């Protein structure tokens with residue numbers, strides 16, 4: 189996973205970087221999550237007004253597209269506490285999942 193590699197590099201350069209450590213924990217947690225049930229994710233999102241609001245925010249949609257197109261940008265966004273909190277919320281409801289790269 190590119191984002192995992194980016195976090196590992198940041199932690200190598202700055203072992204005390206709390207944002208990188210949190211990001212790594214989130215990525216690793218998502219990597220170990222089970223398969224995605226799209227109907228269940230949709231149900232969770234509809235039941236969570238905060239997640240719905242995040243997904244409807246045009247600025248946040250641009251952030252999600254940026255991360256999707258270039259996963260290494262996740263580290264940059266995770267450094268922002270507000271964006272990090274929103275990404276965590278989307279991970280909690282299953283919208284965002286990190287996938288392991290094929291070996």
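Numbering (our numbering), first residue to last: 189 to 291. Using N, Cα and C, we set each Cβ at its ideal position, and we do this for glycine too. Bear in mind that the values here come from a model prediction, so they are computed numbers and not experimental data.
Straight-line gap, residue i to residue j (C-alpha atoms, nearest Å)
{"i": "residue 242", "j": "residue 205", "result": "26 Å"}
{"i": "residue 253", "j": "residue 233", "result": "18 Å"}
{"i": "residue 200", "j": "residue 259", "result": "18 Å"}
{"i": "residue 211", "j": "residue 266", "result": "6 Å"}
{"i": "residue 274", "j": "residue 239", "result": "8 Å"}
{"i": "residue 255", "j": "residue 285", "result": "12 Å"}
{"i": "residue 196", "j": "residue 247", "result": "27 Å"}
{"i": "residue 207", "j": "residue 270", "result": "12 Å"}
{"i": "residue 272", "j": "residue 281", "result": "15 Å"}
{"i": "residue 228", "j": "residue 278", "result": "13 Å"}
{"i": "residue 209", "j": "residue 244", "result": "28 Å"}
{"i": "residue 220", "j": "residue 276", "result": "Low per-residue confidence applies at residue 220: pLDDT is 48, beneath 50, and the placement is therefore not dependable, though the value from the model is reported in the following sentence. Looking at the two C-alpha atoms, the distance is approximately 15 Å."}
{"i": "residue 257", "j": "residue 250", "result": "11 Å"}
{"i": "residue 231", "j": "residue 268", "result": "28 Å"}
{"i": "residue 236", "j": "residue 283", "result": "12 Å"}
{"i": "residue 202", "j": "residue 226", "result": "37 Å"}
The alpha helix (DSSP H) enclosing residue i, as first and last residue numbers
{"i": "residue 247", "result": "246-257"}
{"i": "residue 269", "result": "269-281"}
{"i": "residue 262", "result": "262-266"}
Supposed contact pair residue j and residue i - C-beta distance, whole angstroms, cut 8 Å
{"i": "residue 263", "j": "residue 198", "result": "6 Å"}
Chain D within 9 Å of residue i, Cβ atoms only
{"i": "residue 229", "result": "Note that chain D does not occur in the displayed structure, where there is just one protein chain."}
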